[in-house]
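J.: After the structure tokens below, expect a handful of questions from me.
Spelled out as structure tokens, the structure:
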């Protein structure tokens, strides 16, 4: 089973077991539906939790979990990440999600391997991919000017580089 990170607990919110979650997803209303099973990752283990309530507040998700009704039950999960089973995500064949890009091999127009995508950074202007190769670690805007082809079956992204980029 592949786990997809969907948020990070920032801190408790109120006294009744809600947590404030920094979102890693554009679809919080789908990922945090009441009854949705999630994984809460601590330093030692993954804990199965089930969403008991969800609402948005000032750009953050406010979430509570079954069996954790008070601030004392959830305080220890500050800064822990929340994940979902990839199988729970409806995924159209034509859609490419950020998690699909991670671990893709990046090649230039000549076919030379530049490295693999280690993360996708969401910026206000556009997404940026971090490419890690042998002795190289660089960022590339994920925009049409640089992306030539996306082959998700082969997990390969072909890019156009400009002079001085590497």
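In the working numbering, the protein residues as written are 272 to 437.
Positions of the beta carbon are idealized from the N, C-alpha and C atoms, including for glycine.
Here the structure is a predicted model, which is why all the values come from computation and not from measurement.
#1: Pick out whichever of 432, 426, 423 has its Cα sitting closest to the Cα of residue 381.
#2: Which partner residues of residue 282 appear in the DSSP bridge assignment?
#3: Hey, how far is the Cα of residue 309 from the Cα of residue 321?
#4: By a C-beta neighbour count over all protein chains shown, 10 Å radius and 16 as the cutoff for buried, is residue 236 buried or exposed?
#5: State yes or no: is the C-beta of residue 286 within less than 8 angstroms of the C-beta of residue 341?
#6: To the nearest angstrom, report how far apart residue 281 and residue 353 are at their CA atoms.
#7: If you drop the 5 nearest sequence neighbours on each side, which residues of the same chain put their C-beta closer than 7 angstroms to that of residue 423?
#8: Work out the CA separation of residue 359 and residue 411 for me, nearest whole Å.
#9: Along the beta strand (DSSP E) that carries residue 298, what are the first and last residues, could you check?
#10: Among all the DSSP beta bridges, which residues are the ones paired with residue 352?
#11: Which residue comes first and which comes last in the alpha helix (DSSP H) that contains residue 342?
#12: Look up residue 495 in the DSSP assignment and say whether it is helix, strand or coil.
#13: Residue 355: which of 419, 409, 317 sits nearest, CA to CA?
#14: Rounded to whole angstroms, what's the CA-CA distance from residue 326 to residue 334? Just pull it up for me.
#15: Give the range of the alpha helix (DSSP H) segment to which residue 415 is assigned.
#16: Please report the residue range of the alpha helix (DSSP H) in which residue 333 lies.
#17: So residue 283 and residue 290 are in contact, right, with Cβ under 8 angstroms, and what is the actual spacing, rounded?
#18: Suppose the cutoff is 6 angstroms on Cβ atoms and the five residues either side in sequence are ignored; what does the same chain contact list for residue 391 look like?
T.: Reading it off the structure:
#1: Your numbering for residue 381 matches position 110 in the chain shown. Per the Cα distances, 432.
#2: As a first step, residue 282 is located in the chain shown; it is residue number 11 there, counting from the start. Answer by DSSP bridge pairing, in chain order: 291.
#3: Here residue 309 is taken as the residue at index 38 of the chain shown, counted from 1. Here residue 321 is taken as the residue at index 50 of the chain shown, counted from 1. Those two C-alpha atoms are separated by around 6 angstroms.
#4: This structure cannot speak to residue 236, because the chain is shown only from 272 to 437.
#5: Taking the chain shown and counting its residues from 1, the one referred to as residue 286 is at position 15. Taking the chain shown and counting its residues from 1, the one referred to as residue 341 is at position 70. Cβ distance < 8 angstroms, so residue 286 and residue 341 count as in contact.
#6: As a working mapping, residue 281 is identified with position 10 in the chain shown. As a working mapping, residue 353 is identified with position 82 in the chain shown. Each residue's alpha carbon lies about 11 angstroms from the other.
#7: Residue numbering aside, residue 423 sits at position 152 when the chain shown is read from its first letter. Counting only Cβ-Cβ distances below 7 angstroms, and skipping sequence neighbours, we find 367, 371.
#8: By 1-based counting over the chain shown, the position of residue 411 is 140. By 1-based counting over the chain shown, the position of residue 359 is 88. One C-alpha to the other measures close to 30 angstroms.
#9: Numbered from 1 along the chain shown, position 27 holds the residue referred to as residue 298. Run containing residue 298: none; DSSP gives neither H nor E here.
#10: Here residue 352 corresponds to residue number 81 of the chain shown, with the count starting at 1. Paired residues: 279, 312.
#11: Your numbering for residue 342 matches position 71 in the chain shown. Per DSSP, residue 342 belongs to the alpha helix (DSSP H) from 342-345.
#12: Look at the range of the chain in this structure, 272 to 437, and you will see that residue 495 is not part of it.
#13: Within the chain shown, the letter at position 84 stands for residue 355. When each option's Cα is compared against that of residue 355, the closest is 317.
#14: Numbered from its first residue, the chain shown carries residue 326 at position 55. Numbered from its first residue, the chain shown carries residue 334 at position 63. Cα to Cα, the separation comes out at about 7 angstroms.
#15: Reading the chain shown from its first residue, position 144 is the one you call residue 415. Per DSSP, residue 415 belongs to no alpha helix (DSSP H) and is neither H nor E.
#16: Working through the chain shown from its first residue, we reach residue 333 at position 62. Taken as a continuous stretch (DSSP letters only), residue 333 belongs to no alpha helix (DSSP H), being part of the beta strand (DSSP E) at 331-336.
#17: Position 12 of the chain shown, counting from 1, holds the residue named residue 283. Position 19 of the chain shown, counting from 1, holds the residue named residue 290. Correct: roughly 6 angstroms between the Cβ atoms.
#18: Position 120 of the chain shown, counted from the first residue, corresponds to residue 391. The residues are 369, 372, 398, 400.
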